[in-house]
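Numbering (the working numbering), first residue to last: -9 to 319.
Ideal Cβ placement from N, Cα and C applies to all residues, glycine included.
Since we're looking at a predicted model, the values are computed, not measured.
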């Protein structure tokens, strides 16, 4: 772990936050820009390989083939990023700009706030939740406003984990090669994983992403739990309860500990059955305290946004503290 990379992470986070809030998500996709590369190049190939009539073993073999086909170039891209930033540092600007391609923050806030203001004024059309649907890969037009809000709240937790904490930590550990490798695995899981409820085609990338993403996921959940302390009407003791037991907790593939921590802190239920963009019915788990409401409105979304922002601030504080401690040692 190289603590000298922490200022780069902080500046890249600031850059993607500002630019994302100004421009909004590109083509409705609020995930990191880097995720678009495997999607654009290998998305159609993967869709052709993922045939539901095939046996699970065959689909897993196909998924393994696609994973290798995508991960190897991703690692080389990471090496290229390192070389470019070393040969053309431009006072560190190159490294900051390249890392910002692997992070997501401002575009998520833009999408969540757009939905919140539309719900507040009772003007929830498809344009209001288009980015949420595209980013979460859920057909929200097939559900009601409660389902839209649940999807948005879930996305706020998952994006903090997969779009910021995990790639930042892997950059801290292994530079661009590690960060690009993780980001590519996360992109494959987003594109083909179907929250772990698919045909088995994405079993390999899901397993690899879980291996690399478990520790960042727990850190994300901890920060979300602590963020509840600073959020009006959110309950810290409820958030802490999410760490104990297994009932009504989110499986890792459906968001894991960060989603559970957010649902408990807000005392709401999220998840449930949805339809993905390919038309497949996904019977997701209900996540949240026993008896919590699933009829969520813009007030619940506002509190979720508040917790999300506070979690980002806490993550920045953790990075700054780590950098200062590293300087002392």
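Measure how close the beta-carbons of residue i and residue j come, nearest whole angstrom, since I'm counting them as under 8 Å.
i, j, result
"residue 49", "residue 190", "5 Å"
"residue 192", "residue 53", "6 Å"
"residue 122", "residue 101", "6 Å"
"residue 286", "residue 139", "4 Å"
"residue 127", "residue 267", "5 Å"
"residue 279", "residue 254", "6 Å"
"residue 155", "residue 206", "5 Å"
Based on the DSSP output, what are the partners of residue i in its beta bridges?
i, result
"residue 266", "128"
"residue 283", "258"
"residue 19", "16"
Go through its chain and collect everything with a Cβ distance to residue i's Cβ below 6 Å, but skip five positions before and after it.
i, result
"residue 24", "91, 92, 173"
"residue 177", "25, 28"
"residue 319", "Only weak support exists for where residue 319 lies, its pLDDT of 47 falling under 50; the coordinates are left without a value."
"residue 166", "68, 71, 72"
"residue 213", "301, 304, 305"
"residue 158", "-1"
"residue 120", "18"
Between the alpha carbons of residue i and residue j, how many angstroms are there, rounded?
i, j, result
"residue 276", "residue -5", "39 Å"
"residue 239", "residue 81", "45 Å"
"residue 150", "residue 60", "24 Å"
"residue 281", "residue 86", "45 Å"
"residue 264", "residue 12", "31 Å"
"residue 21", "residue 8", "15 Å"
"residue 242", "residue 200", "8 Å"
"residue 292", "residue 106", "7 Å"
"residue 36", "residue 182", "8 Å"
"residue 194", "residue 111", "44 Å"
"residue 321", "residue 65", "Since the displayed the chain opens at -9 and closes at 319, residue 321 lies outside it and no answer follows."
"residue 187", "residue 5", "35 Å"
"residue 170", "residue 198", "14 Å"
"residue 274", "residue 84", "41 Å"
"residue 63", "residue 30", "14 Å"
Start and end of the beta strand (DSSP E) containing residue i?
i, result
"residue 68", "Looking at the DSSP string, residue 68 is not in any beta strand (DSSP E); the run it does join, the alpha helix (DSSP H), is 46 to 77."
"residue 233", "Element bounds for residue 233: n/a, residue is neither H nor E."
"residue 105", "Unbroken run through residue 105 is the alpha helix (DSSP H), 96 to 110; no beta strand (DSSP E)."
"residue 277", "271 to 277"
Enumerate in chain order the residues of its own chain whose CB-to-CB distance from residue i is below 8 Å, with the five nearest sequence positions on each side excluded.
i, result
"residue 269", "129"
"residue 168", "68, 160, 161"
Starting from residue i, trace the alpha helix (DSSP H) in both directions and tell me its first and last residue.
i, result
"residue 194", "193 to 217"
"residue 148", "135 to 150"
"residue 7", "-4 to 13"
"residue 337", "Nothing in the structure corresponds to residue 337, since the chain is present only between -9 and 319."
"residue 37", "26 to 39"
"residue 84", "83 to 90"
Leaving aside the five residues before and after residue i along the sequence, list all residues of the same chain whose C-beta is less than 7 Å from its C-beta, in chain order.
i, result
"residue 249", "144, 147, 148, 240, 260, 277"
"residue 298", "146, 150"
"residue 220", "300"
"residue 307", "none"
"residue 97", "10, 14, 15, 20"
"residue 142", "102, 105, 122, 291"
"residue 2", "86, 89, 90, 93"
Verify the CB distance criterion: does residue i have a CB-CB separation below 8 Å to chain B?
i, result
"residue 204", "Judged by its chain identifiers, the structure shown contains no chain B, having just a single protein chain."
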